[in-house]
Each structure stands twice: as C-alpha cells, then as structure tokens.
Amino acid sequence: GILMMSRQMRRLVENLLDLARMDQGFAKQHFESIEFSQLTRDTVMGFEALYFERERILSEEIEDGIKIKGSRQHLQQVLDILWENAQKYSLPHSEVLATLRSVYSHHCLLSVASIGEPIPEVDLKKIFQRFYRVNPSRSRDGSYGLGLSIAEQVVRDHKGKIWAESQNGINRFF
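My numbering applies: residue 43 is where the sequence shown begins, and numbers increase by one.
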C-alpha cells in the first residue's frame, strides 16, 4: 500500500515538473530529425507484453519512412501516454489499433483506437485539461488526469494538434 502510494506520488510530481518545464517552453534547439515510423513501431513493441498481460491485443498499421522534426524524448512520452491510456480504458479481450500514415505534404496522422466506455461529447475537449477525468473514481487507480494534458502540450510545441473522437463504442485519439 505505502509503496504503491509513494510510486503514484512520485509519478504525480514528475508529471507536474514536466508540465512546469513545458510551460516555460522546451528548447526547440533539441529538435532533431526523427524516424517517427520506427519510433512508433518500437513503442508498440514495448507495450505488447503489458497488453498481453492485461488481456488486450495491440496491433499496428504503420506507414514506413515517416520522418518528423522534434524532441525524441517528448514524442516518446506522447506515445507512451496514448498506449497506456488505451490499455487502461479499453475493454478486456479487445484490440487497440495504432495507425500512422502521411497525409498531404509534410504532415502525418497518428491514431490510437480502442473499444471502451464511450466518452461523452462534453468530455471530449475537457479530457486534455489538467487534472480532468471523465470518471472521478479513476483517481484511485493512480491516474491524476495529467497524461493527456502533457501529451497536448508536447504536440502543440511540435506545431501539431491532438483530439479525441468517440463513436459506436470506439474511442480514437488523433
């Protein structure tokens, strides 16, 4: 109990520090050319065991050769947050599908789709706010509602957009 609580507190403090650093704007000079297709594929592979353990399947449809300029560490963090959330909020024995493809010139679209409790329309925009949780009882599982706001900040700093859609029991994060 105490060990688990201290881990949760540590994660909360680390997340708050990340947000504070991002509020000051992280250094764009650390941007490099990143093989995003490979980074995404590697992250999927890194999560496969956890998904298997939690009785879910993680599949991917990743277009090869997509490169983007950015901070590898921060983009990795976004992928981790999206995969972790999809695992946490998807139904047991369901599949989570990660897709990455290039769309018009110099843009790519990443999406993570999972079958789960529908996200109400009113919550779709709010879930990116700090400390916001669709279901407040979720705070007991060590979730403080910071992951998606960190992801949004990173995506914004990379001149991108992040949003969620929920239709027919499928929740998609883009």
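In this text, a Cβ means the ideal position worked out from N, Cα and C, and glycines have one as well. Small disclaimer: the values here were computed from a predicted structure and weren't measured.
Assigned exposure category for residue i - 16 Cβ within 10 Å defines buried
i: N213; result: buried
i: A91; result: exposed
i: S156; result: buried
i: V120; result: buried
i: G112; result: buried
i: F173; result: exposed
i: H116; result: buried
i: S191; result: buried
i: L100; result: buried
i: I169; result: buried
i: I44; result: exposed
Beta-carbon gap between residue i and residue j smaller than 8 Å
i: K86; j: E102; result: Note that residue 86 corresponds to Val in the displayed sequence, not to Lys. Yes; because the gap between Cβ atoms is below 8 Å, this pair is in contact.
i: E137; j: K109; result: no
i: L151; j: F89; result: no
i: A128; j: V154; result: yes
i: R114; j: L81; result: yes
CB-CB length for residue i against residue j, believed under 8 Å
i: G189; j: E126; result: 7 Å
i: S79; j: I104; result: 5 Å
i: P162; j: G211; result: Rounded, the Cβ-Cβ distance is 13 Å, inconsistent with contact.
DSSP bridge partner residues for residue i (one or two, in chain order)
i: V197; result: V197 is not bridged to any residue.
i: Q209; result: I212
i: I157; result: I212
i: K111; result: S75
i: T82; result: In DSSP, T82 forms no bridge with anything.
i: H38; result: Here the chain comprises residues numbered 43 to 216, so residue 38 is not present and cannot be evaluated.
Any chain C beta carbon closer than 8 Å to residue i
i: E103; result: Considering every chain present, this structure includes no chain C. It has just one protein chain.
Check whether the segment 128-148 and the segment 190-208 touch, using three or more Cβ-Cβ pairs below 8 Å as the test. no
Three or more C-beta pairs below 8 Å linking the segment 139-146 and the segment 199-209: no
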